[in-house]
Amino acid sequence: MRAVTSSQGSIVVSDHEEPTGTGELITVTSAGICGSDLHLVASGLSGVILGHEFGGFTADGRLVAVRPTGECGSCPQCASGFPHTCREAAASLHGTSINGGLAEFVRVQPSRLVPVPDGTDPAIVGLVEPLAVVIHGVNRVPLIQGMSAVVIGSGSIGLLTASVLADRGITVDIVCRHPHQFEAAEKLGINAVAKPGVNYDVSFDAVCTQESLDACFNATRPRGSVVEFGMIWSSIQLKNQMMLKEISLVPSIFYSHNHEHNDFEDAVDMLVRHPEITNTLITHRFSLEESIRAFEVANDRQAGAIKVHIFSRM
Ligand SMILES: [Zn+2]
Ligand SMILES: [Zn+2]
Numbered sequence: 110m111r112a113v114t115s116s117q118g119s120i121v122v123s124d125h126e127e128p129t130g131t132g133e134l135i136t137v138t139s140a141g142i143c144g145s146d147l148h149l150v151a152s153g154l155s156g157v158i159l160g161h162e163f164g165g166f167t168a169d170g171r172l173v174a175v176r177p178t179g180e181c182g183s184c185p186q187c188a189s190g191f192p193h194t195c196r197e198a199a200a201s202l203h204g205t206s207i208n209g210g211l212a213e214f215v216r217v218q219p220s221r222l223v224p225v226p227d228g229t230d231p232a233i234v235g236l237v238e239p240l241a242v243v244i245h246g247v248n249r250v251p252l253i254q255g256m257s258a259v260v261i262g263s264g265s266i267g268l269l270t271a272s273v274l275a276d277r278g279i280t281v282d283i284v285c286r287h288p289h290q291f292e293a294a295e296k297l298g299i300n301a302v303a304k305p306g307v308n309y310d311v312s313f314d315a316v317c318t319q320e321s322l323d324a325c326f327n328a329t330r331p332r333g334s335v336v337e338f339g340m341i342w343s344s345i346q347l348k349n350q351m352m353l354k355e356i357s358l359v360p361s362i363f364y365s366h367n368h369e370h371n372d373f374e375d376a377v378d379m380l381v382r383h384p385e386i387t388n389t390l391i392t393h394r395f396s397l398e399e400s401i402r403a404f405e406v407a408n409d410r411q412a413g414a415i416k417v418h419i420f421s422r423m
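Okay, here's the thing in structure tokens:
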């Protein structure tokens, strides 16, 4: 089968053995390229098929999205219903630790499969994972109708965050920089601004840099909250503004999935109810053979991409 890996910072499309072993064989339909993929490729990740945002069809024809994280099932974190903070969550992550979805086929443990209703556009499967990230982050802070929020950053995570907040009746502004981001926010019915206002109850940092975090602290009211998504790829300093305003800084990683709640199921539900999200966010579609170009576009800030998806079957 054809699959995508990286070596010394470059993308490689090549032949691989079809996956054998445990897990269900998934015929991949599509996979998204994530900002973290770009960081990992640049930092020299190798030896694994890329892609943690993906889904496809099971052998018996069911469309599924995939939760790429694993869990040991027995540590205190797993036992208390927070398996996303188990060591195994990242240590068995498809696309970084075990083979991912930028391939024709991948084997996935049945517990990681998330059903997608019949008749749904298969293109949604690659957006379920980033939306689950966002839903987890939004659930990390108590939000009630009438509250105000701002999202700093209008890439895919920012736009998805604003969409979830709007869906929950929260008044939300999203800070956009480029024309295509303003356009996307408009298509999603979200209020786009060039500069944040002040005194929001909650700010969401969908960029994770010093500049974006400082902007969040500026925009948040005293005793409000700042939710930090993603990974801190270069160190960030905390400043006294956080102390003087007594702002709660809330980190968010991965997604919850326990007996009471499953962010992936909520993400599927939201994408089914709002097809405009998929249509707006996936700005670029490539075939598996075109993956080198796809990564170039995802890396190019001038290309106007929000989400670049690679379709194993066009
Ligand atoms: Zn991702
Ligand atoms: Zn565990």
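Oh and the sequence shown: position 264 is 373 in the numbering used here, straight run, nothing missing.
Even glycine gets a Cβ: it sits at the ideal position worked out from N, Cα and C.
None of these values were measured; they are calculated from a predicted model.
Here I386 carries a helix assignment [DSSP, helix/strand/coil]. Listed as beta-bridge partners of F313 by DSSP are V260, V336. R249 is classed as buried because its beta carbon has at least 16 other beta carbons within 10 Å across all chains shown. For D282, the pairing in a beta bridge is given by DSSP as V259, N300. With a beta-carbon spacing of about 30 angstroms, V122 and S343 fall beyond the 8 angstroms limit used to define contacts. DSSP links H203 through a beta bridge to I207. Across the structure, G141 and R402 are spaced so that their CA atoms are roughly 14 angstroms apart.
Listed by position along the chain, the residues with Cβ atoms less than 7 angstroms from a non-hydrogen atom of ligand 2 are E180, C181, G182, S183, C184, Q186, C187, P192, C195, R196, E197. Within the model, the alpha-carbon separation for V281 versus Y364 is close to 22 angstroms.
The beta carbon of V157 is closer than 8 angstroms to those of T114, G204, T205, S206, I207, N208, G209 in its chain, skipping five residues each way along the sequence. Within the same chain, Cβ atoms closer than 7 angstroms to the Cβ of A407 are found at I142, L147, A414, V417, the five residues on either side in sequence being excluded. Ranking T229, S155, S265, G170 by CA distance to the CA of P239 puts S265 first. By the criterion of a C-beta distance shorter than 6 angstroms, R332 is surrounded in its chain by E355, once the five residues flanking it on both sides are discounted. The three-state reading of DSSP puts S145 in helix, counting H, G and I together.
Annotated three-state conformation of A376 is helix, per DSSP. In its chain, beyond the 5 residues on either side, V406 have a beta carbon closer than 7 angstroms to the beta carbon of A412. DSSP places G306 in the coil class of the three-state scheme, outside both helix and strand. For L222, the enclosing beta strand (DSSP E) starts and ends at 222 to 224. Counting C-beta pairs closer than 8 angstroms gives fewer than three between the stretch 183 to 200 and the stretch 159 to 171, which falls short of the contact rule. DSSP, read as helix, strand or coil, puts E398 in helix.
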